[in-house]
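2 protein chains.
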Amino acid sequence: MSGPDSTMAGYGERARAAARLLASATTAQKAAALEAMAGALDAARSGIMAGNEEDCEQARREGVSGALLERQSLRLGRFDAMTAGLRKVAGLPDPVGVDTGGWRLYNGIRLQRTRVPLGVVAVIYEARPNVTADAAGLCVMSGNAALLRGSSFTLRTNLAIADALRAGMESAGLPRDSVQVIEDVSRRGARDLMTATAWVDLLVPRGGPGLVAAVLEEATVPVVIDGAGNCHVYVDASADAEAAEAIVVNAKVQRPGVCNAAEKLLVHRDLAPTFLPRIVGVLRRHGVEVRGDDPARAFVPDLVPATEADWDQEYLDLVMAVRVVDGIEGALEHIARHGTGHTEAIVTGDHAAARRFVDGVDAAVTAVNASTRFTDGGEFGFGAEIGISTQKLHARGPMGLEALTTERYVLWGDGQVR
Amino acid sequence: MSGPDSTMAGYGERARAAARLLASATTAQKAAALEAMAGALDAARSGIMAGNEEDCEQARREGVSGALLERQSLRLGRFDAMTAGLRKVAGLPDPVGVDTGGWRLYNGIRLQRTRVPLGVVAVIYEARPNVTADAAGLCVMSGNAALLRGSSFTLRTNLAIADALRAGMESAGLPRDSVQVIEDVSRRGARDLMTATAWVDLLVPRGGPGLVAAVLEEATVPVVIDGAGNCHVYVDASADAEAAEAIVVNAKVQRPGVCNAAEKLLVHRDLAPTFLPRIVGVLRRHGVEVRGDDPARAFVPDLVPATEADWDQEYLDLVMAVRVVDGIEGALEHIARHGTGHTEAIVTGDHAAARRFVDGVDAAVTAVNASTRFTDGGEFGFGAEIGISTQKLHARGPMGLEALTTERYVLWGDGQVR
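Chains as they are written, first to last, in this note's numbering: chain A, 1 to 418; chain B, 419 to 836.
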């Protein structure tokens, strides 16, 4: 017997066939499949961890280190997070089949608008093997087949995870090919996926600016962009300094390498004389390099001078640039010019200020008196996320089950014509 | 004084500035603006009609005729339909500011999900000047600025309409630049609009396959495709022959040149001996050329033989191809292979058959015992439509006010950090 067809057409046909069956699977069937996937992962744990060790070892030999190497390891609770995520998603409300509108037309036709799965969802991602399970779980629970193309650095891990997930699907009576990991991790393989209009209903690229640019340039399939952060925290004159400090520190240092980390701090002129020296001291104690504009450096003279390029840069590191602004309008103007529409936060004690900021910001998520770090599918209660959309069409912000559906209309008539 | 900047950047900056003001306009302000736009159109009627006559005369000289020429005329009630459309849309519920979700996170943060305008919406359309008013009305009522690029054949008409609309906006205290007609109708001008990522939040191309292909190829701005029809009517064995006849005839002949006209007729084998001769006779009396596969020609020998190419063709004319199918599964298989996901209809008296068809079809609109012609913003109650989406992301089917909005999250916290 020859192996399965590993061309794009082969993956695509199998995914399409699986998607047709998944689309009519009941909520109970899909939930049982996710439970079975989690169980199969648990059962295959030692093999998956061994493959992951091999992947990490090879990456280390090839020069990968630090945060990048850390991200591809399944140790540190990440394996358990995968199975917990699948079980969490299994318990969420099923968006498929939910009516999102419905009314009677003037002529008696009953119009029904209902959520249905997209069909086949593809994800291109970097060396984070937990995405394999997260994406597969969200896709299956929302009735979609998943085509997953990870990094060459984690191919062993991804395939081992997918083997378990596929066995879980089969044991639950749903098609194994609902989850497929694409083995061709070449650039050409990526391009084949980006242009597979016959088979891919949605492509989500999860990766850095290079991947996003390649997808914008080359993709002909429908895409939702999981784009850059460069999130701001604006500290208003009315802010409680203690709350502001806690939010700024959390937003900056809790996990500096992710897109919902804060990169820029905007401080109201009236609060700057007291708040700036304080927050700079605290950030530095957390190892943050703080850069500042001239007015900020008037209060903290030894700040690294911020250049114009700083305002557009997403550091993804323990670096933060500080600017003094003339109140909310100045903050809104700065954000309008330099923000990416991801997450913008205000810390304020003033209700009118909070309202004005919320009304004036154009972003997927606006946080009032809360850390930017909450822009996350898990935090939102989605169990996991397929990505965080920074575009306006289809979905915005953390994308869970609902973002993996589309709507369709049914007209129930009894012979109406125009 | 020099004229306004007619570069893409000039149009874009003005649209962006207008969109910022429109985003915070109240429902009453926007409704008043649409009423004022309708009033200004009425007041400018004779001038607009004179410009339209000139446009039509020039098009005639350049060889345009028939349905194409008819579409660009504002006579035959089309002028009144524009003002009636604006007044209808003015009375519709405002989608902006509506909460579409909201829950409390585990940590007490109150999550709010709200509809907001997209920003700047661009439409590229052919020689149908009524689109100028329809699109402008929908954009303004949903809080968006409109960038409208019509055909060179209707430039005088479009500019005259836009002059009135802009005067109406101004008289209602909202920015004139909420509605702009782009005067550069060259290919290069179209390309500038398709790649204006700094200014355009959504582009809707309304035109034939050539325009759609150019947009898919060249556009870098977010796009919703208003694509091809090739709609099917499936007549089940259980169908009432009279209702089936009325629906097939209406779907085919009421307006054959539009995307929601039926192009294909699928007939259940058991009904074919009686229904086929009857429907072919009626269609022919309406001037329709009927083509058929071999089984159909067994019942009506003088049908034009249908070729394989017929099944994928959108005739947009008084032509219909007929196929005999083995019940619902045969119809679904044919539609899966040849449909474009626009509108598919079943005529049936059997409830199980209706359910199976609805579940098995993947289309923006599925019609049960109703004509395909109801896939229309006006029929759906949207007042007008910005297009009919045949894609799955963002919006599907007729697009009214809601399709011109996006969602955003606001997190209302009191100091939460992760």
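From the three backbone atoms N, C-alpha and C, an ideal C-beta is built for every residue, glycine too.
Being a predicted model, the structure only gives us computed values, none of them experimental.
Q: Grab the span of the beta strand (DSSP E) containing N369 (chain A) for me, first residue to last.
A: Here the beta strand (DSSP E) through N369 (chain A) covers 365 to 370.
Q | Buried versus exposed, by CB contacts within 10 Å (16 or more), G519 (chain B) | A | By the neighbour-count rule (16 or more Cβ atoms within 10 Å), G519 (chain B) is not buried but exposed.
Q) Looking at C-alpha atoms only, which residue of A:Y106, A:G168, A:V258 is the closest neighbour of W412 (chain A)? A) Ranked by how close their Cα comes to the Cα of W412 (chain A), the residues A:Y106, A:G168, A:V258 have A:Y106 in first place.
Q. Alpha carbon to alpha carbon, how far is E333 (chain A) from G339 (chain A)?
A. Counting only the Cα atoms, G339 (chain A) lies some 10 Å from E333 (chain A).
Q: Under 8 Å Cβ to Cβ from V140 (chain A), same chain only, skipping five residues before and after it: list those, please.
A: Answer for V140 (chain A): L22, K30, A33, L34, M37, A146, M169, L174, S178, V179, listed in chain order.
Q: Report the rounded CA-to-CA distance for P513 (chain B) versus H394 (chain A), giving the unit in angstroms.
A: Spanning the two alpha carbons is a distance of roughly 16 Å.
Q: Select from the region 612 to 626 of chain B all residues with a C-beta closer than 8 Å to any C-beta belonging to chain A, and list them in chain order.
A: Result list: D619, L620.
**Q.** Where D832 (chain B) sits in the DSSP three-state scheme
**A.** Of the three classes helix, strand and coil, the one that applies to D832 (chain B) here is strand, per DSSP.
Q. Residues in the region 771 to 788 of chain B with C-beta within 9 Å of chain A's C-beta atoms, listed in sequence order?
A. Taking 9 Å as the Cβ-Cβ cut-off against chain A, the residues of the region 771 to 788 of chain B that qualify are A772, V776, D777, G778, V779, D780, A781, A782, V783, T784, A785, V786, N787, A788.
Q. Which two residues bound the contiguous beta strand (DSSP E) that contains Y429 (chain B)?
A. Where Y429 (chain B) is concerned, there is no enclosing beta strand (DSSP E), although the alpha helix (DSSP H) it sits in stretches over 426 to 441.
Q. CB-CB under 8 Å to N250 (chain A), same chain, minus the five flanking residues each way: which ones, in chain order?
A. Sequence-distant partners of N250 (chain A) (beyond 5 residues in either direction) whose C-beta falls short of 8 Å from its own C-beta, in its chain, are S371, R373.
Q.
What are the residues in the region 443 to 463 of chain B lying within 9 Å of chain A by C-beta distance?
A. Residues: none.
Q | Helix, strand or coil at M419 (chain B) according to DSSP, with G and I counted as helix | A | Confidence is the limiting factor: at M419 (chain B) the pLDDT is only 42, short of 50, which leaves the residue's position unreliable, though a coordinate-based value still follows. Residue state for M419 (chain B) is assigned as coil, using DSSP reduced to three classes.
Q) Distance, Cα to Cα, T425 (chain B) vs N158 (chain A)? A) Rounded to the nearest angstrom, the gap between the Cα atoms of T425 (chain B) and N158 (chain A) is 50 Å.
**Q.** Collapsed DSSP secondary structure at R61 (chain A) in the structure displayed
**A.** R61 (chain A) sits in a helix when the DSSP states are folded into three classes.
Q.
Relative to the C-alpha of L419 (chain A), which candidate in A:A354, A:P205, A:K264 has its C-alpha closest?
A. Only positions 1 to 418 of chain A appear in this structure, which leaves residue 419 (chain A) out of reach.
(Q) Any contact between the region 604 to 615 of chain B and the region 632 to 650 of chain B? By contact I mean 3 or more CB pairs, one from each, below 8 Å. (A) Touching, yes, given that three or more Cβ pairs across the two stretches are closer than 8 Å.
Q. Going by DSSP, which residues form a beta bridge with W103 (chain A)?
A. W103 (chain A) is bridged by DSSP to A:L111.
Q: Using the Cα positions of M49 (chain A) and R60 (chain A), report the straight-line distance between them to the nearest angstrom.
A: One alpha carbon belongs to M49 (chain A), the other to R60 (chain A), and they sit about 16 Å apart.
Q: Kindly list the residues whose CB is nearer than 7 Å to the CB of A616 (chain B), restricted to its own chain and excluding five residues on each side of it in sequence; keep chain order.
A: Excluding residues within five positions, the ones whose Cβ falls inside 7 Å are G430.
**Q.** C-alpha distance - M419 (chain B) paired with S442 (chain B), whole-angstrom precision
**A.** For M419 (chain B), the predicted structure reports a pLDDT of 42, less than 50, and the residue's modelled location is therefore unreliable. The matter cannot be settled from this model.
Q. Roughly how many angstroms separate the alpha carbons of V698 (chain B) and G227 (chain A), rounded to a whole number?
A. Whole-angstrom Cα-Cα distance: 55 Å.
Q) What residues are listed by DSSP as bridge partners for G805 (chain B)? A) According to DSSP, G805 (chain B) bridges with B:M817.
(Q) So, at 8 Å on beta carbons, what are the nonlocal neighbours of P4 (chain A) in its own chain, with the 5 sequence-adjacent residues on each side left out? (A) The residues are G10, R14.
**Q.** Beta-bridge pairing of G292 (chain A) - partner residues as DSSP gives them
**A.** Looking at the DSSP output, G292 (chain A) sits in a beta bridge with A:P305, A:V322.
Q) At which residues does the beta strand (DSSP E) containing T343 (chain A) begin and terminate? A) For T343 (chain A), the enclosing beta strand (DSSP E) begins and ends at 343 to 347.
Q | Contacts of V835 (chain B) in chain A (Cβ-Cβ under 7 Å) | A | Chain A residues near V835 (chain B): A246, I247, N250, S371.
Q) So what does DSSP say about V514 (chain B), is it helix, strand or coil? A) When secondary structure is reduced to three states using DSSP, V514 (chain B) falls in the coil class, being assigned neither helix nor strand.
**Q.** Positions along the region 502 to 517 of chain B whose CB lies within less than 9 Å of some CB in chain A
**A.** Near chain A, meaning a CB-to-CB distance below 9 Å, no residue of the region 502 to 517 of chain B qualifies.
Q | Given 8 Å, three or more beta-carbon pairs between the region 521 to 538 of chain B and the region 482 to 490 of chain B | A | Two segments are said to touch when three or more pairs of C-beta atoms, one from each, lie closer than 8 Å; by this definition the region 521 to 538 of chain B does not touch the region 482 to 490 of chain B.
Q | Bridge partner(s) assigned by DSSP for T406 (chain A) | A | DSSP, once it has assigned bridges, lists A:V116 as partnering T406 (chain A).
Q.
Can you confirm whether the region 77 to 87 of chain A touches the region 127 to 140 of chain A when touching is taken to mean that 3 or more C-beta pairs between the two stretches lie within less than 8 Å?
A. Judged by pairs of C-beta atoms under 8 Å, the region 127 to 140 of chain A touches the region 77 to 87 of chain A, as three or more such pairs exist.
Q) Any idea if P398 (chain A) is buried or exposed, counting beta-carbon neighbours within 10 angstroms, 16 or more meaning buried? A) P398 (chain A) should be labelled buried.
Q | Cross-strand partners of I542 (chain B) (DSSP beta bridge) | A | In DSSP, I542 (chain B) forms a bridge with B:R567, B:P623.
Q) Are the beta-carbon atoms of T766 (chain B) and D688 (chain B) separated by less than 9 Å? A) Result no, Cβ atoms of T766 (chain B) and D688 (chain B) do not sit closer than 9 Å.
Q: Can you say whether G472 (chain A) is buried or exposed, counting buried as having 16 or more other CB atoms within 10 angstroms of its CB?
A: Residue 472 (chain A) is absent from the model: chain A starts at 1 and stops at 418.
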